[in-house]
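Report on the structure given below.
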Amino acid sequence: MTTLAANQRRLGAEIGGVAVLHTWGQALTHHPHIHCVVPGAGLSPDGTRWIASRPNFFLAVKPLARLFGRLFLKRLIAAFNARALRFFGDLAPLAELDAFAGRIKAMQLVNWVVYAKRPFGGPAQVLAYLGRYTHRVAIANSRFVALDEDHTKVAFTWKDYRQTARQRS
Numbered sequence: 001m002t003t004l005a006a007n008q009r010r011l012g013a014e015i016g017g018v019a020v021l022h023t024w025g026q027a028l029t030h031h032p033h034i035h036c037v038v039p040g041a042g043l044s045p046d047g048t049r050w051i052a053s054r055p056n057f058f059l060a061v062k063p064l065a066r067l068f069g070r071l072f073l074k075r076l077i078a079a080f081n082a083r084a085l086r087f088f089g090d091l092a093p094l095a096e097l098d099a100f101a102g103r104i105k106a107m108q109l110v111n112w113v114v115y116a117k118r119p120f121g122g123p124a125q126v127l128a129y130l131g132r133y134t135h136r137v138a139i140a141n142s143r144f145v146a147l148d149e150d151h152t153k154v155a156f157t158w159k160d161y162r163q164t165a166r167q168r169s
């Protein structure tokens, strides 16, 4: 975002923001994604004025998705080469160079997704949004629907956002 926002053709400003990393989705499956809150404006390169974006538009999502994917993979490769990554469970084979390189190659073909919401109404809405993502447990008690006698199997509800009905697992 900072790279695109700094471009004079886009915003021409230095921006800041807050990001929260999630590694799971509603059904508790592996689904890494980031939630960001960014002001729709920034400081001019010389730091003397505030540059606001156009109403209802901040940064184009397609260039942002392409740039994010490219930079993410570049830094992931650097971390692998520096031996700064650890792989566990089903991902353990990725510790081997050939397996890692194959996964990177596959990820280079993926269309990375960026979703941008409309601007918040004000500070209260920003805090409510961040609170939902930073101050809750992975699964709330209200979603549990069954527990077996040995307490080894749990059923809970989850929302499949491709459908409208709640699912049960």
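The end of the sequence shown is residue 169 by the UniProt record's numbering, with every number in the run present.
All C-beta atoms in this analysis are idealised placements derived from N, C-alpha and C, irrespective of residue type, glycine included.
- Query: Would you call the segment 1-11 and the segment 35-42 in contact, with 3 or more CB pairs under 8 angstroms?
  - Reply: Short answer: they touch.
- Message: At the level of alpha carbons, what is the spacing between P63 and F57?
- Response: Residue 63 sits at position 63 when you count from the first residue of the sequence shown. Residue 57 sits at position 57 when you count from the first residue of the sequence shown. Linking P63 to F57 through their CA atoms gives a straight-line distance of about 14 angstroms.
- Query: What's the call for L11, buried or exposed, on a 16-neighbour Cβ count within 10 Å?
  - Reply: The residue labelled residue 11 in the question sits at position 11 within the sequence shown. By the neighbour-count rule (16 or more Cβ atoms within 10 Å), L11 is buried.
- Three-state secondary structure assigned by DSSP to I15: Along the sequence shown, read from residue 1 onward, the residue named residue 15 stands at position 15. When DSSP states are grouped into helix, strand and coil, I15 belongs to the coil group.
- Message: Could you compute how far the alpha carbon of Y129 sits from the alpha carbon of I34?
- Response: What you label residue 129 is simply residue 129 of the sequence shown in a count that begins at 1. What you label residue 34 is simply residue 34 of the sequence shown in a count that begins at 1. One C-alpha to the other measures close to 13 angstroms.
- What is the DSSP secondary structure of V61, counted as helix, strand or coil? Residue mapping note: residue 61 aligns to position 61 of the sequence shown, counting from 1. Judged by DSSP in its simplified three-state form, V61 adopts helix.
- Item | For I15 and V37, believed in contact at Cβ under 8 angstroms, the rounded distance | Walking along the sequence shown from the start, residue 37 turns up at place 37. Walking along the sequence shown from the start, residue 15 turns up at place 15. So it is not a contact: roughly 11 angstroms between Cβ atoms.
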